[in-house]
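The structure appears below as C-alpha cells.
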Amino acid sequence: MIQINNAKLLKGYDHWKNEFEKESNIQMRERAGIKVLAYGWNEERERMYSVVEIESPESVKQVLMSPEGMQAIQDAGVDMTSMEMIPLT
C-alpha cells in the first residue's frame, strides 16, 4: 500500500531531514516494513511530505506508538497535531 504523509515542522525542514536520514531511523522504518519512495518540502504550504510503501497500516501505527518512534518524531520536530496520512488504494 502506498501512503502520502504530510505535517508541519516545528524545527524546520533541514533539521527534520537530518533526523529522518539518521541510520537508526532508517533501520526503524526497515524493521517495520516501511519503504520511503520520496520526501520533500513544500515552501508554499510550509509542510513536509513523504511518500511511503507500507506492508500494512498497523505497521505504521506500531512505529508511531513505540517509545523509539515517538522519540524520533519529537526529535525531528514533527507537529503531530498537523499530521495527515493519506492511503492510496
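The numbers in the sequence shown follow the numbering used here, run straight up by one, and end at 146. Glycine residues also receive a C-beta, built at the ideal position from the N, C-alpha and C atoms.
- Under the rule that a run must span 4 or more residues, the alpha helix (DSSP H) segments found entirely inside the region 71-127 read 80-88 and 114-122.
- Under the Cβ criterion (8 Å, minimum of three pairs), the region 106-113 counts as touching the region 58-72.
- For Gly126, the closest alpha carbon among the candidates Met85, Leu66, Gly69 and Trp73 is that of Met85.
- Leu94 is classed as exposed because its beta carbon has fewer than 16 other beta carbons within 10 Å across all chains shown.
- By DSSP's assignment, Met142 forms a beta bridge with Asn62.
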